[in-house]
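*Asks:* Questions regarding the structure given below will be posed in turn.
In the working numbering, the protein residues as written are 10 to 435.
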């Protein structure tokens, strides 16, 4: 059976057009066998569709490997990370686990939990094809510790064109002030949530994009250096802007999950959502909606020209019970066919820089645009998705944000952020 026929038969891409006609590098005569236990937080919808596409390609290349899926539900990986911490503390690691490139991954490196992957990088020549902006975020002291499978953009605004037309609102406001005006139009029209949010991490995601819009890319990036001034007036203004935008959300009665919130946009129950471009996978794959007819996109107002990114990557923990199978899994994560199928279904772009015109043609309109944006925009890291802040710092921000959402008092919120930076910045 051909690769294309196999993927169609299994439904691995769940409606994605991204199918490759050529195979990944296959296994040799000593191909690994047995189980490979992998932790992730991809359990539903387009995320799971992407994972299944990756597994379909793995099965073709490594038919003797049995994938043991230890995915734990929960957006942004909060639940999975908690369960993973228990396993690592008990010296009972899975064979590989998902982690965000950047400061989040650095915590595991400093704790001595990961094997370096330099031999694998040399074998696969990945330093020649992974983006130069990404390599420092998956390495330490010249050693690589994870294989990035995708690039997502966090600072995206998704909307329902029909709802906006009825309210006289713009799907792509250029400035934060214009965005507030359009939210007010939707609120005045009634019947829909102007800006839908879900569980707590989606509020953190909204916060980081509003701060980026207010501060700009250089000031945003500078905040994550030791000694940065979180008490500055411009930070106060960013938090005031966040306070304003929250008044147009359903934060007092949020959706259960990010994808439920995305479905509210697709069904017309909400007008806008600030969410990463995994929402594209939900709109196209899960909801089967049409681009620019049923949903549309734009950079978060005030952030055009900036690409606030995150990257999902997979690791090799020290003490992995099925090391050879884990290495085969990591080869799959970095392979072209694996990344083409996975990213087309999930709503992200490959990390590989050696895509040709035929590869690019497999992707839809949004993802082609995102590939171009990655090349031409100024790149900044995401807070909510592990790039800029270590786990302890990020957790402290979570606590400050939860308190603020209940109190809506900006001065103590800023004070808590100042304290978090002083304690946890490295």
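Each residue gets a CB set at the ideal place from its N, CA and C atoms; glycine is no exception. On a predicted model such as this, the values are computed, not experimentally measured, just so you know.
#1: The alpha helix (DSSP H) that contains residue 375, what's its start and end?
#2: How would you label residue 162, buried or exposed, when you count the other beta carbons within 10 angstroms and need 16 or more for buried?
#3: What does residue 326 pair with, by DSSP beta-bridge criteria?
#4: Determine the closest residue to residue 53 out of 69, 288 and 417, with distance taken between C-alpha atoms.
#5: State the DSSP-derived secondary structure class of residue 36, mapped to helix, strand or coil.
#6: Give the DSSP bridge partners of residue 174, in chain order.
#7: One question on the structure: do residue 159 and residue 357 come within less than 7 Å of each other, judged by their Cβ atoms?
#8: Is there contact here, the region 244–260 with the region 208–221, by at least three beta-carbon pairs under 8 Å?
#9: Just how far apart, CA to CA, sit residue 194 and residue 201?
#10: Looking only at its chain, what residues have a beta carbon closer than 7 Å to the beta carbon of residue 6, apart from the 5 residues adjacent to it on each side?
#11: With residue 291 as the anchor, note down where its alpha helix (DSSP H) starts and where it stops.
#12: For residue 152, which beta-bridge partners are listed by DSSP?
#13: Curious, which full-length beta strand (DSSP E) runs of at least 3 residues does the region 59–126 contain?
#14: Using three-state DSSP, classify residue 205 as helix, strand or coil.
#15: Should residue 104 and residue 46 be called a contact, given that it needs their Cβ atoms to be closer than 7 Å?
#16: Quick check: residue 146 and residue 351, are their CB atoms within less than 7 Å of each other?
#17: Measuring only from the beta carbon, is residue 432 closer than 6 Å to any heavy atom that is part of the ligand FAD?
#18: How would you label residue 301, buried or exposed, when you count the other beta carbons within 10 angstroms and need 16 or more for buried?
#19: Please determine, among 180, 144, 346 and 136, the residue with the shortest C-alpha to C-alpha distance to residue 112.
#20: In whole angstroms, what is the alpha-carbon distance linking residue 23 and residue 153?
#21: If distances are taken between C-alpha atoms only, which option among 410, 420, 398 and 418 comes closest to residue 432?
#22: Buried or exposed: where does residue 321 fall if 16 or more other Cβ atoms within 10 Å of its Cβ makes it buried?
*Replies:* Quick answer:
#1: By one-based count along the chain shown, residue 375 stands at place 366. 374–385 is the span of the alpha helix (DSSP H), which, as asked, contains residue 375.
#2: Looking up residue 162 in the chain shown gives position 153. Under this definition residue 162 is a buried residue.
#3: Residue numbering aside, residue 326 sits at position 317 when the chain shown is read from its first letter. In the DSSP output, where bridge partners are listed per residue, residue 326 has 123.
#4: On the chain shown, position 44 is the one that residue 53 refers to. It is 288.
#5: On the chain shown, position 27 is the one that residue 36 refers to. Model confidence at residue 36 stands at a pLDDT of 40, short of 50, so the residue's coordinates are unreliable and nothing is read from them.
#6: Mapped onto the chain shown, residue 174 falls at position 165. According to DSSP, which records beta bridges pairwise, residue 174 is partnered with nothing at all.
#7: As a working mapping, residue 159 is identified with position 150 in the chain shown. As a working mapping, residue 357 is identified with position 348 in the chain shown. Yes, they are a contact pair.
#8: yes
#9: For the purposes of this step, residue 194 is identified with residue 185 of the chain shown, where counting begins at 1. For the purposes of this step, residue 201 is identified with residue 192 of the chain shown, where counting begins at 1. Going from the Cα of residue 194 to the Cα of residue 201 covers about 11 Å.
#10: The requested residue 6 is not part of the displayed model; the chain covers only 10 to 435.
#11: Position 282 of the chain shown, counting from 1, holds the residue named residue 291. Note, residue 291: premise wrong, no alpha helix (DSSP H); not H, not E.
#12: Looking up residue 152 in the chain shown gives position 143. In DSSP, residue 152 forms a bridge with 149.
#13: 74–78 and 105–109
#14: The residue you call residue 205 lines up with position 196 of the chain shown. Correct three-state label for residue 205: coil.
#15: Here the question's residue 104 lines up with position 95 in the chain shown. Here the question's residue 46 lines up with position 37 in the chain shown. Cβ atoms of residue 104 and residue 46: closer than 7 Å.
#16: Translated into positions along the chain shown, residue 146 becomes position 137. Translated into positions along the chain shown, residue 351 becomes position 342. No.
#17: The model on display carries no ligand, and the ligand FAD is accordingly not part of it.
#18: By 1-based counting over the chain shown, the position of residue 301 is 292. It counts as exposed.
#19: Within the chain shown, the letter at position 103 stands for residue 112. Measuring from the Cα of residue 112, the nearest candidate turns out to be 144.
#20: In the chain shown, counting from the first residue as 1, residue 23 sits at position 14. In the chain shown, counting from the first residue as 1, residue 153 sits at position 144. Here residue 23 scores only 36 on pLDDT, less than 50, and its place in the model should not be relied on; the value that follows carries that caveat. Taking the straight line joining both Cα atoms gives about 32 Å.
#21: In the chain shown, counting from the first residue as 1, residue 432 sits at position 423. The shortest C-alpha separation from residue 432 is found at 398.
#22: Numbered from its first residue, the chain shown carries residue 321 at position 312. It is buried - the Cβ of residue 321 has at least 16 other Cβ atoms within 10 Å.
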